[in-house]
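One structure is given here, and the rest of the page talks about it.
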Amino acid sequence: MDTAILSGLDASKALYKSLEDRINYLKDKNITPGLAAVLVGNNPASEIYVRNKTKKFDSLGLKTNLFRLDENVSEKELLSLIQDLNSNNDFHGILLQLPLPKHVNSENVLNAIDPTKDVDGFHPENAGLLSIGKPRFIPCTPKGIIYILKHFNIDLNGKHVVVIGRSNIVGRPISILTSLKKIGNATVTLCHSGTKDLKFFSKQADILIAALGSPEFVDASYIKEGACLVDVGINRVERNGKSKIVGDIDQESVLGKASSLTPVPKGVGPMTIAMLVENTVLSAELLLN
Ligand code: NAD
0 MDTAILSGLD
10 ASKALYKSLE
20 DRINYLKDKN
30 ITPGLAAVLV
40 GNNPASEIYV
50 RNKTKKFDSL
60 GLKTNLFRLD
70 ENVSEKELLS
80 LIQDLNSNND
90 FHGILLQLPL
100 PKHVNSENVL
110 NAIDPTKDVD
120 GFHPENAGLL
130 SIGKPRFIPC
140 TPKGIIYILK
150 HFNIDLNGKH
160 VVVIGRSNIV
170 GRPISILTSL
180 KKIGNATVTL
190 CHSGTKDLKF
200 FSKQADILIA
210 ALGSPEFVDA
220 SYIKEGACLV
230 DVGINRVERN
240 GKSKIVGDID
250 QESVLGKASS
260 LTPVPKGVGP
270 MTIAMLVENT
280 VLSAELLLN
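Throughout the sequence shown, residue numbering follows numbering that gives the first Met the number 0, covering 0 to 288 in sequence.
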């Protein structure tokens, strides 16, 4: 069987194209969607993530400001910046790049973000709205996964979706989204580190979403013939003395057995950034209504 490669890069280009009219409409009303990105410390991976996100906003003519804070910033100072950004009308979205230094309680800071500017969708109010089927801001990675599947006409209706991983940013929200009648209408199994006999479940998946953070963990023995595979993992590994990024799926091993597969890189990753843009545009639109 040929395994179709579901390019997140191609899907993200389609999304950016569809955003052009929405952005122009807002600009006609003198509104430029704006993102405030908050970066604490000098974590090299966080630097790259934030740079990629702000570069994308710049390239689309959207407003973006990076607020850099020292590694030793106090929780109080950070909370004070979030309050300022909450009331600053230039910013429709606030991105707090994680992880934060250990002396700061991340939950306190995330929960201080105005839920109407929470474009990452991590605030309990937005998580609650999603879980009752009335989403406002959907976390970017799960939202991006749904977009890729729709873009490539992969129908979720009545299918068995198996998710590996139950984090609040990927596994749990994608399990909710795929189960919602209006979005996926799939039957969903959520597997995690406490699951006994993972293969028993993963081999039943019509669509398998791997978000466990373990390099190339899922190989051909975990899937059934013809499954669609979504590889969320981003893991840096050393191979032959070189550093490289691999997913949670052993991509080579599943080629020929899976019907389709999101690659790593250029799969789910580009969609995550694209959805941050979409959520920020949405936030500006919600202000208009
Ligand atoms: P996490 O560490 O918060 O959660 C991992 C989950 O996997 C946990 O719920 C755990 O129970 C489960 N798990 C771990 N080992 C398991 C095993 N052997 N069997 C079954 N379940 C197991 O991770 P996360 O933040 O959800 O991220 C998951 C992966 O996705 C990471 O590689 C991360 O880098 C990547 N990620 C990618 C994007 C993107 O834009 N592509 C965005 C977010 C996260």
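Positions of the beta carbon are idealized from the N, C-alpha and C atoms, including for glycine.
Since we're looking at a predicted model, the values are computed, not measured.
For A13, the enclosing alpha helix (DSSP H) begins and ends at 7-27. Here the alpha carbon of P123 sits roughly 20 Å from the alpha carbon of A36. In the structure shown, S242 adopts extended strand secondary structure according to DSSP, grouped into three states. For S252, the Cβ stays outside the 6 Å cut-off from all heavy atoms of the ligand NAD. With a 10 Å radius around the Cβ and a threshold of 16 neighbouring Cβ atoms, K116 comes out buried. Of L109, C190, G266, S220, the smallest CA-CA separation from H150 is found for G266. Counting along the chain, the unbroken alpha helix (DSSP H) around H150 starts and ends at 139-150. For the pair G240 and G268, the Cα-to-Cα distance works out to about 24 Å. Contact annotation: V162 and S178 have beta-carbon atoms that are not nearer than 7 Å. In the DSSP assignment, T2 falls outside any beta strand (DSSP E) and carries neither an H nor an E. By the C-beta criterion, the region 214-222 is judged to be in contact with the region 251-261, since at least 3 inter-stretch pairs fall below 8 Å. Between the beta-carbon of L260 and that of L228 there is about 5 Å, and that keeps the pair under the 8 Å contact cut.
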